[in-house]
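Input: a single structure, listed below in C-alpha cells.
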Amino acid sequence: MSVVTLTINQQMITANAGDTILQAAKDAGIKIPTLCYLDGLSAHGGCRICLVEIAGSTKLQPACFMKVAEGMQINTETHKLKEYRKMIVELLFAEGNHTCSICVANNHCELQAMAMAVEMDHDRFDYIHPPKEIDISHQRFGIDHNRCILCTRCVRVCDEIEGAHTWDVAGRGGLAKVIADLDQPWGEADSCTSCGKCFMACPTGAIFQKGDSVAQTEHPRNKLESLVMAKDKKQWHV
Amino acid sequence: MAQTILIDPVTRIEGHAKITVQLNDSGEVSSAHFHIAEFRGFERMFEGRPLWEMPGISARICGICPVSHILASSKAGDQILAVEVPVAAEKLRRLMNLAQMIQSHSLSFFHLSAPDLLLGMDSDPAKRNLFGLIAAEPSLARAGIGLRQFGQQIIAALGGQKIHPAWSIPGGVRHSLSIADRDWIAQRIPTEKKAILNALDRFKSIIEKYREESNVFGTFPTLFLGLVAADGSWEHYGGRIRIIDSRGGLIADQLDPANYHEFIGEASEKWSYLKSPYYRPLGYPAGIYRVGPLARLNICQRMGTALADKEKIEFSQLGNGTVQSSFFYHLARLIEILAAIEKIEQMMEDKDLQSTELKAEAGINRLEGVGCSEAPRGTLFHHYQVDPTGLIRKINLVIATGQNNLAMNQTILQIAQHYIKSSTIPEGILNRLEAGIRAFDPCLSCSTHAFGQMPLRIELLDSSGRLLDEVRRV
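Protein sequence lines, in the order shown, are assigned to chains A and B. Position in the first sequence counted from 1, then plus 54, gives you the numbering used here. Position in the second sequence counted from 1, then plus 79, gives you the numbering used here.
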C-alpha cells in the first residue's frame, strides 16, 4: 500500500493512501471532533462537525469522507472552523428539545459533551422545538425523537453490524425522522431483533432503555467496540 | 371612598403573589384576597412523557421541595406498575422525606419567618431579613442554617445532589446509603437535636409576646386533613387520610388517597391561578380545610418519638381539641423537625439502609395511579393516567399550598379586619398581612408553577382605580 505525506496543523505526518483525513489524524494522534461518525460504521458526513480546511481549496471538507493526498496541508483548529462547529451545535439545540437537566442521558451525552467542548454558553438562535413523538412500544427500549439529531448511527449500526435494517430515515428537512420498518411503532417492527445495538450507538438520550430515569442512560459503547473488533479484525474479548 | 390596598409581590415566600385589601366607603375592610398571578402549567408539559421520567421531571417544579414531588411521583408510578416496593426502598424513601422536612421547615422558620418573629413585626424593614437576623442572633441563625444543611446533605448523600435528585423511581430507589454517609449523619444528630430544642424553647418564650397576632393570624374553625399511620400516629410517607373538624372530632378516617377526588373538590377563582380545593361533602367554600404541619399535628395522636411526643402534648394544650391559630404552624414546623431528627436517629442502625434490594421490576400493569405523600407544606397528590406503553396521557397534581388557599385568604381578611382601621396604614401592619401568609409557608412555584421578580409595591387605589398613594420597596 502506498504512503502519502501531508501536514495537519503544521505537523508533518504520513498516512496510507486511501485513508480518510479523520483516520490519518487519528493514527497520528491528532483529534478531530466528530458527532455522527462512529468507528466501525460507514461514514455519513451529516453533522459537519469534522469539517477541516485544506490549503488551496475554498470549500471546507468533512474529515470523515475526504481522502488524504500527497502534500495536503490541513488545518483542523482555525478560528473559522471553531465558529462553525459552535454554530452547528447551537443549531442542533435550537432545532430539537434537548433539555439536559431532565434528560435520561444527562452527563452521558455526546451532544452535551460537544456543546461543552465548543464552549457553547448560550444559543444565538431561537428555539424551534417542534413537538415530536416518543415511542416506548418496544419491550426494552424507547425512542424520543425530540432528542434525535439524525446522526443515523442507529440506521447504520442496524444495517451494517446487525444486518436487520429496522431503522431508516423518512421525510425531508425539518420533517425528517428515523423510522422503524414501514414507520410503525417500534414494538411492532418485525425486523427488529431487540439486539440493542442502536441503543449502544446513539450519541444522545434519543434511544434509551425503557425504565431509565434522569441521567440514568449510559450507552454501552464498549460492547459495540468489541463487536466491531470481532467483525473487522477477527479478535474476540474473552 | 372605597379603596384597594395592594401588596405586590408578597416577600419572603417561595414564589410570586400579591395581596389586595378592599376598603369600603367608610374605610372598613370589606374583602381581602391572596392572588397568585403567574402560571406555569406543568400538568400540560408532562403529557406524552414516559412514566419513568416523571419523578425527575416533576422534581423540577420546585427547588425547595423537589423530594416531595419525586416521592409522590414514584408512588404514583408504583401504583401503575402494580408493585410493592422493597422494604429497604421504602425505608430509604422515608429517610429522604424526613431530611426534606428538616431542610424545608428550617428554611421557612429560620430564613423566612424568624426575622418577623425574633426581630419584631414592626422592626426596620431594611434589617428585617436573614442578614438582620444573623447580625442580631448569630448563634440561632447559624443553628438554623446548620439544620437546613443537615437535611440537604442527607438528600445529597442518597440522591447524589441536594436539589432535584432523580433518585426515587417507580418501583423503588436507585441507591442505598453508604456506611460513610450513615456515619456522617449519625455524628451530626446530637448537634442538630440541640439546635432544634433551643429553637423550640426560643419560640415558646415569645408566644406570649405575640398573643394578639396568634389570635388573629388565621384563627378560625376549619377542617384539618393529612396522612396518619394505622395506629393514629404522625405520618409523612405512607398511611391513610384522616380528616377532623375544628374540635378534633373525626370527620373521616382511613381514606384511601387513591380516591382523593371523592372527598376533595377543586374550585377555581378568577382572581388567582391557584386552585381552591375543598372537602367535597361540605361543598365550596364551606369545605375549607387546612393541611401542613399544623394539620398533621392536629390529626395525629402522637409523634412516635420521645422528645417530640412531649412537645406534641404541650402543643395540644394551645387549643381545645385542635390548635386553630395558623400562627402555630411555626411551632408545629419546629416539632416536626425534632420528630424527623429523632426518627432519623432511630433508623441509623438499620442494615436495610445499605441493602441492594432496592427496586421492584415490572411493566405497565395499570393505566392509572395516585401517589400521595406529606410534603413539608401538606398533603401532596400526583394522579397519572398512562397509555398501555407507559406514556403519560393525563395528569392532575393536588398541591399542598393550594389546599391552604381558602384558609390563607381567610387569614389575610382576618388580619386586615383586625389591624386596618383607616386608609393610612403603617408598614408594620402591612408586614403582618405578609407574615400571616408566611405562617403557611406557601410554595407558589409548586402550586401554580410561578416565577417572577420580587420587588414590593403597595398601591392605594380608590374605587375607580385611581392611584391615591404608592410605596415601593426594592
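Every residue, glycine too, gets a C-beta built ideally from N, C-alpha and C. Because the structure is a prediction, the values reported are computed rather than measured.
Exercise for the section: Can you tell me which of the three DSSP states cysteine 522/B falls into? Expected result: strand
Practice task
Consider the C-beta atom of aspartate 266/A and the heavy atoms of the ligand COA; say whether any pair is separated by less than 6 Å.
Solution key: Because no ligand of any kind appears in the structure shown, any question about the ligand COA cannot be addressed here.
Handout entry: Separation of isoleucine 471/B from glutamate 126/B, as counted between CA atoms
Key = 5 Å
Handout entry: Selected residue, minimal CA-CA separation from alanine 439/B, among Gln266/B, Ile242/B, Phe229/B, Ser247/B
Key = Ser247/B
Handout entry: Unbroken alpha helix (DSSP H) run spanning glutamine 166/A, endpoints
Key = 164-171
Handout entry: Cβ separation of asparagine 63/A and isoleucine 84/A, assumed to be a contact under 8 Å, to the nearest whole Å
Key = 7 Å
Exercise for the section: Let me know the secondary structure DSSP gives valine 143/A once reduced to three states. Expected result: helix
Exercise for the section: Output the distance between the C-alpha atoms of asparagine 200/A and alanine 167/A, rounded to the nearest integer angstrom. Expected result: 18 Å
Handout entry: Proximity of cysteine 208/A and cysteine 249/A at Cβ, strictly below 7 Å
Key = no
Exercise for the section: Tell me whether the beta-carbon of leucine 130/B lies closer than 7 Å to the beta-carbon of isoleucine 98/B. Expected result: no
Practice task
Kindly indicate which three-state DSSP category cysteine 118/A falls into: helix, strand or coil?
Solution key: coil
Problem - 8 Å Cβ cut-off: residues of chain B touching serine 267/A - result: Trp131, Glu132, Pro134, Gly135, Ala245, Ile248, Arg253
Exercise for the section: Anything in the region 144-159 of chain A with a Cβ closer than 8 Å to a Cβ of chain B? List those residues in chain order, please. Expected result: Ser155, Ile156, Val158
Exercise for the section: Tell me whether the beta-carbon of leucine 162/B lies closer than 7 Å to the beta-carbon of alanine 419/B. Expected result: One detail in the question is off: residue 162/B reads as valine in this sequence, not leucine. No, the pair does not count as a contact, with Cβ atoms beyond the cut-off.
Exercise for the section: Confirm, please, whether the CB-CB distance from valine 370/B to leucine 304/B is below 7 Å. Expected result: yes
Problem - First and last residue of the uninterrupted beta strand (DSSP E) at tyrosine 463/B - result: 457-465
Exercise for the section: Could I get the ranges of all uninterrupted beta strand (DSSP E) runs contained in the region 158-235 of chain A, with 3 residues as the minimum, in chain order? Expected result: 195-198, 221-224, 231-234
Handout entry: Spatial distance of cysteine 298/A from methionine 180/B (CA atoms)
Key = Nothing can be reported for residue 298/A, as the shown portion of chain A is limited to 55 through 292.
Exercise for the section: Assign phenylalanine 210/B to buried or exposed, taking buried as 16 or more other Cβ atoms, counted over all protein chains shown, within 10 Å of its Cβ. Expected result: exposed
Handout entry: Within chain A, partners of leucine 470/B - CB distance below 7 Å
Key = Ile188, Ile190
Problem - Ranges of the alpha helix (DSSP H) found wholly within the region 226-282 of chain A, counting only runs of at least 4 - result: 251-255
Problem - Through-space distance from histidine 340/B to glutamine 532/B, alpha-carbon basis - result: In this prediction, glutamine 532/B scores a pLDDT of 32, lower than 50, which makes its location untrustworthy; the coordinate-derived value is nonetheless stated afterwards. If I take the Cα positions, the gap works out to 34 Å.
Problem - Proximity to glutamate 216/A [Cα-Cα], best of Val282/A, Arg178/A, Ile67/A - result: Val282/A
Handout entry: From Ile242/B, Glu292/B, Asp280/B, Thr90/B, residue whose alpha carbon lies closest to that of threonine 490/B
Key = Glu292/B
Handout entry: Partners in chain A for arginine 139/B, counting only beta-carbon separations shorter than 8 Å
Key = Ser155, Ile156
Exercise for the section: Throw me the rounded Cβ distance for the glutamate 208/B and proline 217/B pair, which I believe falls under 8 Å. Expected result: The sequence as given places asparagine at residue 208/B; glutamate does not occur at that position. Their Cβ separation, rounded to whole angstroms, is 15 Å, which puts asparagine 208/B and proline 217/B out of contact at 8 Å.
Exercise for the section: Would you list the one or two residues that DSSP bridges to glutamate 298/B? Expected result: Looking at the sequence provided, one finds threonine at residue 298/B rather than glutamate. Beta-bridge pairing links threonine 298/B to Ser404/B.
Problem - Residues from the region 192-214 of chain A in contact with chain B, defined by Cβ distance under 7 Å - result: Gly196
Practice task
Please confirm if the region 165-185 of chain B is in contact with the region 455-463 of chain B, defined as three or more CB-CB distances below 8 Å between the two stretches.
Solution key: yes
Exercise for the section: Just grab the DSSP bridge partners of proline 129/B for me. Expected result: Leu470/B
Exercise for the section: Kindly give me the distance between the Cβ atoms of cysteine 205/A and glycine 100/A, rounded to whole angstroms, as I take these residues to be in contact under 8 Å. Expected result: 6 Å
Practice task
Answer yes if the region 70-80 of chain A comes into contact with the region 122-131 of chain A, meaning at least three C-beta pairs across the two stretches below 8 Å, and no otherwise.
Solution key: yes
Problem - Distance, glutamine 238/A Cα to valine 57/A Cα - result: 48 Å
Exercise for the section: Can you tell me which of the three DSSP states glycine 383/B falls into? Expected result: coil
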